[in-house]
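Here the structure is laid out as structure tokens; the discussion comes afterwards.
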Amino acid sequence: MRIDILCLFPEMFASPLDQSIVKRAREQGFVDIVIHNIRDYTYDKHHTADDYPYGGGPGMVLKPEPIFEAVEAIKQEMGGSVPVILLSPQGRLFSQSVAQELALQPHLVLICGHYEGLDERVCEHLATDEISIGDYVLSGGELAALVVVDAIVRLIPGVLGSQDSASNDSHSDGLLEYPQYTRPQVYRGWSVPAVLVSGNHAEIAQWRRRQAILRTAKRRPDLLDRGNICDEERKWMLENLLNPK
Ligand code: 9D3
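If you count the sequence shown from 1, you need to add 845 to reach this note's numbering.
Following this line, the structure appears as structure tokens:
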């Protein structure tokens, strides 16, 4: 997979893309990530990427020409059509299912706006999709692009080992994860639940499933109907919510 990212602050990408799973995916050739500075596609001597808004008002607006030219240069190099995704607070909300959909593409272009905002002709005539990562205000699209890239790269077949394969993830069975423990068995007087050291694998599986359901019911009830909860599990859950031990 190839991902081109257009932005005003290319230095924000180096370290996050050079760690952990994304680093390994790049080294092993699963993904080629190319960062472009929008300023490099300007022609005037001051490399002006923004200008005053028509109609007046505060702030500046990113000019359309360098962004169109950058995307066209990438299309020339790579050939063919490519999804062009604008990161913006007006976009559709990013989620695991959007990540899964984007991970199927062989090539993506991500455009990061900045606080000033972007000429509407980029949204209307260049971007094929507009994505927001949530309802809070960032100072630019760069961190949002990193979130999107991270979520996509780990879904590329072969990137994760079978140990922590993406199908094991919280959110793929629809529920939050069950609580996990490691050594020591007693820490500051707090014991690991006895069932986890019992060696009874059926009991452990049932405990984990029930804890995942209970936790989801308490913290993210909006996710519960995606968890395929049977009548017996529902009964246990309701009893525990009413009557916590
Ligand atoms: C209030 C008018 N605009 C500020 C002059 C709104 C605004 C534009 C651009 C606010 C923030 C930004 C920068 N944010 C992004 O580019 C962005 C973003 C975000 O802020 N939240 C969640 N997802 C995203 S994706 C891109």
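Even glycine gets a Cβ: it sits at the ideal position worked out from N, Cα and C.
Original post:
Which residue's Cα is closest to the Cα of LEU1021: SER1007, PRO1002, LEU1069, ASP863?
Top reply: Indexing the sequence shown from 1 puts residue 1021 at position 176. The shortest C-alpha separation from LEU1021 is found at LEU1069.
Original post:
Is any heavy atom of ligand 1 found at a distance shorter than 7 Å from the C-beta of GLU961?
Top reply: The count along the sequence shown starts at 1 and reaches residue 961 at position 116. Yes - ligand 1 has a heavy atom lying nearer than 7 Å to the Cβ of GLU961.
Original post:
Contact between the region 915 to 923 and the region 877 to 889: three or more CB pairs below 8 Å?
Top reply: yes
Original post:
Should VAL982 be counted as a contact of ligand 2 given a C-beta to heavy atom distance under 7 Å?
Top reply: Judged by which ligands are present, ligand 2 is missing from the structure shown, whose ligands are ligand 1.
Original post:
For SER942, does the three-state DSSP call read helix, strand or coil?
Top reply: Position 97 of the sequence shown, counted from the start, is the residue given in the question as residue 942. Note: SER942 maps to helix in three-state DSSP.
Original post:
Any heavy atom of ligand 1 closer than 7 Å to the Cβ of ALA989?
Top reply: Here the question's residue 989 lines up with position 144 in the sequence shown. At least one heavy atom of ligand 1 is nearer than 7 Å to the Cβ of ALA989, so yes.
Original post:
From CYS1091 to LEU932, what does the alpha carbon distance come to, in whole angstroms?
Top reply: Nothing about residue 1091 can be read from this structure; the chain reaches only from 846 to 1090.
**OP:** Under 7 Å Cβ to Cβ from HIS1016, same chain only, skipping five residues before and after it: list those, please.
**Re:** Walking along the sequence shown from the start, residue 1016 turns up at place 171. At HIS1016, the pLDDT of 46 sits below 50, so the modelled position is not reliable and the matter cannot be decided from this model.
**OP:** Would you kindly work out how many angstroms separate the C-alpha atoms of PHE875 and LEU947, rounded to a whole number?
**Re:** By one-based count along the sequence shown, residue 875 stands at place 30. By one-based count along the sequence shown, residue 947 stands at place 102. Distance between the alpha carbons of PHE875 and LEU947 is about 15 Å.
Subject >> Whether ASP964 touches PRO909 by CB criterion (8 Å) >> reply: Here residue 964 is taken as the residue at index 119 of the sequence shown, counted from 1. Here residue 909 is taken as the residue at index 64 of the sequence shown, counted from 1. Yes, these two residues count as a Cβ contact at 8 Å.
Original post:
If we count Cβ pairs, one from each stretch, closer than 8 Å, do we get three or more for the region 980 to 998 versus the region 949 to 964?
Top reply: yes
Subject >> The alpha helix (DSSP H) enclosing ARG1055, as first and last residue numbers >> reply: Numbered from 1 along the sequence shown, position 210 holds the residue referred to as residue 1055. Looking at the DSSP string, the run of the alpha helix (DSSP H) that includes ARG1055 is 1046 to 1064.
Original post:
So, GLU1084 versus ARG1055, is the Cβ gap smaller than 8 Å?
Top reply: Residue 1084 sits at position 239 when you count from the first residue of the sequence shown. Residue 1055 sits at position 210 when you count from the first residue of the sequence shown. Going by C-beta atoms, GLU1084 is not nearer than 8 Å to ARG1055.
Original post:
Is the CB-CB distance between TYR1023 and ARG1053 below 8 Å?
Top reply: Taking the sequence shown and counting its residues from 1, the one referred to as residue 1023 is at position 178. Taking the sequence shown and counting its residues from 1, the one referred to as residue 1053 is at position 208. Yes, they are a contact pair.
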